[in-house]
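A quick write-up on the structure given underneath.
In the numbering used here, the protein residues as written are 1255 to 1494.
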């Protein structure tokens, strides 16, 4: 197809700045999902498929997670939810990359991507709770804890957005952070921030090791820590 980007140009479009940004807080996305998105971007750039269509194609995946958690045989349910969550994350990398390399970025596409991504996390957390309740015959206890963790995670994002002052401020802060030399504390914070993207493979590991409930507790504590850090940053900006 004339004018379609080469595979090398897809990699170049990802570029150093994007790579550095993901290493500083989204390392799991780079490690588990981003590398698989490049061949898909290259292929889709040769078709009429739009980035927004890719974004919308992830909606059935997100909605299927609680259904799989409830409907599949228990031995297969966690595998189904985990694999669907991984595919969702790969598509989440594909839509933005496809938009950049084809020049088809749009405000609508970015908004849909954000809204669907946030809904996906809520559905994934609730699905993990459903799996734990099925495995332990615990009624709805762990589903409630999973949903609480999801709510706290989404609230953490609200807190951060409230303190950021919009997307331009976020990008400016990121750029400033990238120019400042990184210290040991920065590396530790980036590691813990990046754990968020590792939740889908962590689900598979937790199911295999019989530690689903510990994963749910971690998700709740992790989300609460995210809120606390976000509040500190937000209030510090307001004081400034």
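Every residue gets a Cβ at the ideal spot worked out from N, C-alpha and C, and that includes glycine.
query: Exposed or buried, what is residue 1541 when buried is set at 16 or more other beta-carbons lying within 10 Å of its beta-carbon?; result: The structure shown has nothing for residue 1541, since the chain only spans 1255 to 1494.
query: Could you tell me whether the Cβ atoms of residue 1460 and residue 1410 are closer together than 7 Å?; result: no
query: Between which two residues does the alpha helix (DSSP H) carrying residue 1392 extend?; result: Counting along the chain, residue 1392 falls outside any alpha helix (DSSP H), and DSSP gives it neither H nor E.
query: What are the uninterrupted segments assigned as alpha helix (DSSP H) that are 4 or more residues long and contained completely in the segment 1333-1369, given in chain order?; result: none
query: Could you tell me whether the segment 1353-1360 touches the segment 1322-1340, using the rule of 3 or more Cβ pairs below 8 Å?; result: no
query: Here's the rule: buried if 16 or more other CB atoms are within 10 angstroms of the residue's CB, otherwise exposed. What is residue 1296?; result: buried
query: Looking at residue 1470 and residue 1386, is the spacing between their C-beta atoms short of 7 Å?; result: yes
query: Check for me: the alpha helix (DSSP H) holding residue 1321 runs from which residue to which?; result: 1305-1325
query: Does the segment 1343-1352 touch the segment 1376-1386, meaning 3 or more C-beta pairs lie closer than 8 Å?; result: no
query: DSSP state of residue 1280, grouped into three classes?; result: coil
query: Can the beta-carbon of residue 1299 be found less than 7 Å from the beta-carbon of residue 1356?; result: yes
query: Rounded to the nearest angstrom, what separates residue 1274 and residue 1444 at their Cα positions?; result: 11 Å
query: For a test of the three-state rule: what should DSSP assign to residue 1488, helix, strand or coil?; result: helix
query: Looking only at C-alpha atoms, which of 1415, 1281 and 1267 sits nearest to residue 1489?; result: 1415
query: Can you give the beta carbon distance from residue 1384 to residue 1397, rounded, assuming they're within the 8 Å contact cut?; result: 5 Å
query: Taking just the CA atoms, how far does residue 1458 sit from residue 1333?; result: 6 Å
query: What did DSSP end up calling residue 1259 once you bin it into helix, strand or coil?; result: coil
query: Go to residue 1452, then tell me how far its alpha helix (DSSP H) extends in each direction, as first and last residue.; result: Note, residue 1452: premise wrong, no alpha helix (DSSP H); not H, not E.
query: Ignore the nearest five residues each way along the sequence and tell me which others in residue 1371's own chain have a CB closer than 7 Å to its CB.; result: 1346
query: Round the Cβ separation of residue 1406 and residue 1474 to the nearest angstrom and send it over; I've been treating them as touching at under 8 Å.; result: 7 Å
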